[in-house]
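Take a look at the structure below.
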Amino acid sequence: MLNQQSIIGIVGSGAMGSGIAQVAATAGHTTIIFDTNNSALEKAKTNLFNSLNKLVEKQKISEEKAKSISKLTTYTGSMEDLKSCNLIIEAIIENSDVKKNVFKSLESIVDSTCILASNTSSLSITSIAASCQKPERVLGIHFFNPATLMPLVEIIPGVATDNQLALTCKTLIDGWGKITVMAKDTPGFIVNRVARPFYSEALRIYDEQIADISTIDWAMREIGGFKMGPFELMDLIGHDVNYIVTETVWTQFYFDPRFKPSLTQKRLLEANFLGKKSNRGFYDYREGAVLKEAKKDETLGKYIVNRILCMLINEACDTKYLGIASTNDIDLAMTKGVNYPKGLLKWADEKGLENVLNTLNELYEEYQEDRYRACILLKQMVKQNKTFY
Ligand SMILES: NC(=O)c1ccc[n+]([C@@H]2O[C@H](COP(=O)([O-])OP(=O)(O)OC[C@H]3O[C@@H](n4cnc5c(N)ncnc54)[C@H](O)[C@@H]3O)[C@@H](O)[C@H]2O)c1
80 MLNQQSIIGI VGSGAMGSGI AQVAATAGHT TIIFDTNNSA LEKAKTNLFN SLNKLVEKQK
140 ISEEKAKSIS KLTTYTGSME DLKSCNLIIE AIIENSDVKK NVFKSLESIV DSTCILASNT
200 SSLSITSIAA SCQKPERVLG IHFFNPATLM PLVEIIPGVA TDNQLALTCK TLIDGWGKIT
260 VMAKDTPGFI VNRVARPFYS EALRIYDEQI ADISTIDWAM REIGGFKMGP FELMDLIGHD
320 VNYIVTETVW TQFYFDPRFK PSLTQKRLLE ANFLGKKSNR GFYDYREGAV LKEAKKDETL
380 GKYIVNRILC MLINEACDTK YLGIASTNDI DLAMTKGVNY PKGLLKWADE KGLENVLNTL
440 NELYEEYQED RYRACILLKQ MVKQNKTFY
């Protein structure tokens, strides 16, 4: 159904849409980008030009390849121009009603075989699909930012999606050099759900004054082996994005205390201390600002890493237990989508599932909070002396 000749439509020429378009055109597809905002289209055009020039300079692609990518990419302010597309990936504002209207309009333009996908990070694919006359042709295709560099793509069939169609899209995007994983349509899919404790447990440790932000970041980097600590990463992502994802996942999971956001982060957002982009977040990026030194205490560092890691593993276990994704896909998602040093389920095997369960049980005992309840699968596996791999 989809092949090298398939025409790819992109709705929304912002950060994600323009990146996805570049990936599709690089794979040799005629790619049509539609946006209602003319200046966004102009910006996307300039960005592609600059990005291709850089790639040529760095000898990552030839001049001919750059020319062919440019030639394959067209920009339009008219949705009608997407008429001939075989696959359309929507990457507009994260608003359910606006997305549903776009999908309805697209359906009235394209032919009956065109596949319609959303790049949404947090909205229900099933609900977007339900606004269409043919919900079986609608799915989630979730790229990570920047789409040109991040290898992971989550493929998310909604309740009514034709499974074969989801597999066809998976094969196509594998052919674009991406690493695809399948995820059930649940809040945060894989990555944005499993990664929540990386931020929220670090915030909890900070809120309880067990350690300061520099110490937690130091521990997660130096002892945990993560590329960035939670606070520097939240500052980089921006609290407007990171806090909202946490709050959305928490709300959509009916306020499960496991996903409860931190008031500290909310106050940063309210203060417009959005992180690096506004020069202030958890850290102060203004000139002359003094960075508080980490307390490089090995025992404290190990406690921090073990606590956050066990909470991450617990979330990965639940994702497996609830059939949201396979063991392999969960580990791939976290290593390829957010650069974790190891897959969490592999890490769980290495740490020993019993040790992970003991840490969670100790936290549960101490706090008497549902937030620290161990996943049933973890308990069962410990009882049966099983491992993930
Ligand atoms: N930015 C990220 O890190 C990231 C990562 C993964 C997924 N996403 C998701 O991708 C989508 C797009 O995010 P983004 O960061 O690229 O947003 P963005 O704000 O950079 O770009 C959105 C673009 O959509 C256009 N647009 C808005 N309404 C439109 C409409 N009705 N028709 C056509 N164009 C319209 C806007 O003019 C804008 O150019 C969102 O659903 C977001 O949740 C974002």
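For the sequence shown, my numbering gives the first residue as 80, with consecutive numbering after it.
We put the CB at the ideal spot given by N, CA and C, even for glycine.
Predicted, not measured: the structure shown is a model, and the values here were computed from it.
Original post:
Is it the case that the Cβ atoms of V324 and N271 are separated by a distance below 8 Å?
Top reply: yes
Original post:
Which ranges would you report for the alpha helix (DSSP H) in the stretch 189-230 if only whole runs of at least 4 residues count?
Top reply: 204-209
Original post:
Between which two residues does the beta strand (DSSP E) harbouring V90 extend?
Top reply: 87-90
**OP:** Quick one: give me the first and last residue of the beta strand (DSSP E) that E169 is part of.
**Re:** 166-169
Original post:
Beta carbon of G98, beta carbon of V90: below 8 Å?
Top reply: no
**OP:** Pair every Cβ in the stretch 256-273 with every Cβ in the stretch 219-238, then say whether three or more of these pairs are closer than 8 Å.
**Re:** yes
Original post:
What first and last residue would you give for the beta strand (DSSP E) that runs through F113?
Top reply: 110-113
**OP:** Name the two residues that bound the continuous alpha helix (DSSP H) containing I323.
**Re:** 318-331
**OP:** Label D410 either buried or exposed according to how many other C-beta atoms from any shown protein chain fall within 10 Å of its C-beta, with 16 as the threshold for buried.
**Re:** buried
Original post:
By Cβ distance, which residues of its chain are closer than 6 Å to F338, with the 5 residues on each side in sequence left out?
Top reply: R275, V328, W329, F332
Subject >> Reference A395; option with closest CA among P214, H108, E311, A453 >> reply: A453
**OP:** Starting from S343, follow the alpha helix (DSSP H) in both directions and report where the run begins and ends.
**Re:** Note that residue 343 is Thr in the sequence shown here, rather than Ser. Looking at the DSSP string, the run of the alpha helix (DSSP H) that includes T343 is 342-349.
Original post:
Among all the DSSP beta bridges, which residues are the ones paired with M261?
Top reply: I234
Subject >> Proximity below 8 Å, CB of T240 to CB of V217 >> reply: yes
Original post:
Is the beta carbon of V90 within less than 7 Å of some heavy atom of ligand 1?
Top reply: yes
Subject >> Any 3 or more C-beta pairs closer than 8 Å across the stretch 352-360 and the stretch 308-318 >> reply: yes
Original post:
What whole-angstrom Cβ distance do N242 and I220 have, given they're in contact under 8 Å?
Top reply: In fact, because the Cβ distance is near 15 Å, the residues do not count as touching under 8 Å.
Original post:
Going by alpha carbons, who is nearest to L151 out of I302, K137, F128, A404?
Top reply: F128
Original post:
Can S200 be considered in contact with ligand 1, in the sense that its beta carbon sits closer than 7 Å to one or more heavy atoms?
Top reply: yes
Original post:
How long is the line joining the alpha carbons of L282 and D397, rounded to whole angstroms?
Top reply: 21 Å
Subject >> Cβ distance (whole Å) where S92 is taken to contact A119 below 8 Å >> reply: 5 Å
Original post:
At a cut of 8 Å, does the stretch 410-423 reach the stretch 280-298 through at least three beta carbon pairs?
Top reply: no
Original post:
Is there at least one non-hydrogen atom of ligand 1 closer than 7 Å to the beta-carbon of M95?
Top reply: yes
Subject >> Same chain, Cβ closer than 6 Å to N126, neighbours up to 5 away in sequence not counted >> reply: S97
Original post:
Are the beta-carbon atoms of L161 and L185 separated by less than 8 Å?
Top reply: yes
**OP:** Thinking L131 and I148 are a contact (beta carbons under 8 Å), I'd like their distance in whole angstroms, please.
**Re:** 6 Å
Original post:
From P420 to N393, what does the alpha carbon distance come to, in whole angstroms?
Top reply: 17 Å
**OP:** Could you tell me if the beta carbon of V135 falls within a distance shorter than 7 Å of some heavy atom in ligand 1?
**Re:** no
Original post:
CB-CB under 6 Å to F352, same chain, minus the five flanking residues each way: which ones, in chain order?
Top reply: R359, G360
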